[in-house]
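One line per chain: the protein sequences are V, D and G, in this order. Sequential numbering of the first sequence, starting at 1, is according to my numbering. Sequential numbering of the second sequence, starting at 1, is according to my numbering. Sequential numbering of the third sequence, starting at 1, is according to my numbering. Even for Gly, the Cβ is constructed at its ideal location relative to N, Cα and C. Predicted model, so just to flag it, every value in this text is computed and none were measured. Inspection log for the structure reproduced underneath, given as structure tokens.
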Amino acid sequence: MDSPQLHIIAYCCEHCAYAAADLAGGLRMQYPPEVKIVQIPCTGRIDVLTVLRAIEDGADGVMAAG
Amino acid sequence: MAHIQDLLTAIGLEPDRAQMFNMSAAMASAFVTVAQEMTERIARLGPNPLRGPLDTLTDSERGE
Amino acid sequence: MIVAEQKSLDEIKSLIGDAERVLVVGCGTCVTVCFAGGAREAAIVAASLRMATKLDGNGKDVTDVTVQRQCEWEYLDEIAEQIEGADLVLSLGCGIGVQAIAEHFPRKWVVPGLNTSFMGLPTEQGVWAERCAACGDCVLGLTGGICPIARCSKSLLNGPCGGSEGGHCEINPDIPCAWQLIYDRLSALGKLDLLMAIQPPKNWKTSRDGGPRKIVRDDLRLGAEEE
């Protein structure tokens with residue numbers, strides 16, 4: 001890959017999107033390696049600062065999934 | 001999420017860099033779809049301009 | 001509480017000008033509970049400024065700290081070192097906080113990050129409304145606990161004006177007529193007779209019309225007994 005490696009932080013609710021991602025893994029489904037999953041107890045845990053800090057520290061994108 | 005996107009715009013970044021998605025625990029394919037969708041969207045925007053020069057090296061430049 | 005609103009990031013950036021080391025100071029009291037200038041907002045403003053100035057090509061050193069109350073010297077003394085180390089202080093306190101910092105640190109340039117709006121309360125989540133105008137001569141005992149100074153657009157003291165229509169104010173139909181509220185409440189409490197007394201012209205000297213105000217309590221002053 002000769003374009004800069006992208007980093008997308010995916011904050012995933014452990015009851016919804018994290019479980020869905022887990023299932024996707026169990027089913028051997030492929031998703032882009034740029035997406036890095038962070039497990040959180042609930043999307044309500046995400047604050048403006050959570051997103052700002054990820055972007056300030058160099059994340060190219062932030063997704064909240066729940 | 002709309003508030004975060006307004007803030008990103010005020011800072012001078014693309015609001016699309018932050019997105020919210022909804023799905024249930026059984027929706028494995030939905031997760032794969034939104035992961036692909038988000039990756040394509042960010043690839044169009046390019047790297048975060050706040051990243052330092054070292055962070056934006058390509059894999060081959062970094063010797064990986 | 002004192003209710004304030006954050007200035008736009010653009011205005012804050014222009015207030016900061018060419019200062020390189022900026023200290024964002026939050027306040028842990030009124031502006032924390034109205035979500036304008038607490039610890040969380042100070043961290044958000046600091047991160048936003050770091051990113052915005054870096055994108056503009058001149059990344060600034062922006063840090064943040066929050067004190068319990070900006071309006072008392074004691075709390076400001078706790079962060080004296082950080083204030084001295086900064087080129088500029090961006091206060092996220094109300095107008096009192098900004099002035100307290102300016103007065104306590106005479107050589108430090110201080111700018112406001114908020115617009116101080118009024119004294120009021122949250123009527124529902126995300127909505128704040130004015131309740132007190134600090135007139136210095138409280139009339140709430142005559143009006144059933146509803147302030148005609150702060151809540152009547154014209155600060156009338158002897159009943160509604162001719163523009164009160166269907167319980168709303170003629171200045172803005174979204175504002176309930178304070179005198180309608182007063183009448184309804186006194187009526188419900190069986191105290192309408194209170195309205196029969198004609199109120200003499202109010203002495204506005206205790207309000208801002210008498211110039212800047214000051215309260216001196218000799219029973220509390222240190223050394224007052226010996227004087």
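Check                                                                                                                                                                      : Outcome
Can you tell me where the beta strand (DSSP E) holding R21 of chain G begins and where it ends?                                                                            : 21-27
Tell me, to the nearest whole angstrom, how far the beta carbon of V31 of chain G is from that of A4 of chain G; I am working on the premise that it is less than 8 Å.     : 5 Å
Are the beta-carbon atoms belonging to A64 of chain V and M38 of chain D less than 7 Å from one another?                                                                   : no
Of all the options V:V51, V:L52, V:A10, which has the alpha carbon lying nearest to the alpha carbon of V32 of chain D?                                                    : V:A10
Does the beta-carbon distance from D60 of chain V to I42 of chain D come in below 7 Å?                                                                                     : yes
Any beta-carbon of chain V closer than 7 Å to the one on A47 of chain G?                                                                                                   : yes
Among G:W109, G:R131, G:V110, which has the Cα closest to the Cα of A118 of chain G?                                                                                       : According to the sequence as given, residue 118 of chain G is Phe; it is not Ala. Nearest C-alpha to F118 of chain G: G:R131.
On the three-state DSSP scale, how would you describe S14 of chain G?                                                                                                      : helix
Report yes if the CB atom of E124 of chain G is closer than 7 Å to the CB atom of L92 of chain G, and no otherwise.                                                        : no
As an exercise, report each continuous alpha helix (DSSP H) stretch of at least 4 residues that is fully enclosed by the region 57-86 of chain G, in chain order.          : 73-77, 80-84
Spatial neighbours of L49 of chain G within its chain, please: C-beta separation below 6 Å, excluding the five flanking residues on both sides.                            : V62
Among G:D87, G:L156, G:L186, G:K7, which residue has its Cα nearest to the Cα of C94 of chain G?                                                                           : G:K7
Checking the sheet assignment: what are the DSSP bridge partners for T234 of chain G?                                                                                      : Look at the range of chain G in this structure, 1 to 227, and you will see that residue 234 of chain G is not part of it.
Does the beta-carbon of K60 of chain G have 16 or more other beta-carbons within 10 angstroms, so that it is buried, or is it exposed?                                     : buried
Report all residues from its chain with a CB closer than 7 Å to the CB of V110 of chain G; omit the five preceding and five following residues, and keep chain order.      : V89, S91, V98, I101, A102
Are any of the Cβ atoms in chain V nearer than 7 Å to that of A43 of chain G?                                                                                              : yes
Tell me the rounded alpha-carbon separation between D231 of chain G and L8 of chain D.                                                                                     : In the structure as shown, chain G starts at 1 and stops at 227, and residue 231 of chain G therefore has no counterpart that could be examined.
Below 8 Å, can you find three or more Cβ-Cβ pairs linking the region 181-199 of chain G to the region 134-150 of chain G?                                                  : yes
With distances taken Cα to Cα, identify the nearest neighbour of C16 of chain V among V:V48, V:T43, V:R53.                                                                 : V:T43
Count the other CB atoms, across all protein chains shown, that sit within 10 Å of the CB of P200 of chain G; report buried if there are 16 or more and exposed otherwise. : exposed
For W128 of chain G, which beta-bridge partners are listed by DSSP?                                                                                                        : G:P122
Name, going along the chain, the residues of the region 197-219 of chain G whose beta-carbon falls closer than 9 Å to a beta-carbon of chain D.                            : none
Excluding five sequence neighbours on each side, which residues of the same chain lie with their C-beta closer than 6 Å to the C-beta of M1 of chain V?                    : Because the pLDDT at M1 of chain V is just 45, under 50, the model does not fix this residue reliably, and the point stays unresolved.
Take S253 of chain G as the anchor and find which of G:P173, G:A129, G:G211 has the nearest alpha-carbon.                                                                  : This structure gives no information on residue 253 of chain G, because the portion of chain G shown stretches from 1 to 227.
Counting C-beta neighbours from all protein chains within 10 Å, is the total for Q68 of chain G 16 or more, i.e. buried, or is it exposed?                                 : exposed
Under a CB-based cut-off of 7 Å, is T39 of chain D close to chain V?                                                                                                       : yes
By Cβ distance, which residues of its chain are closer than 7 Å to N115 of chain G, with the 5 residues on each side in sequence left out?                                 : A4, E5, K7
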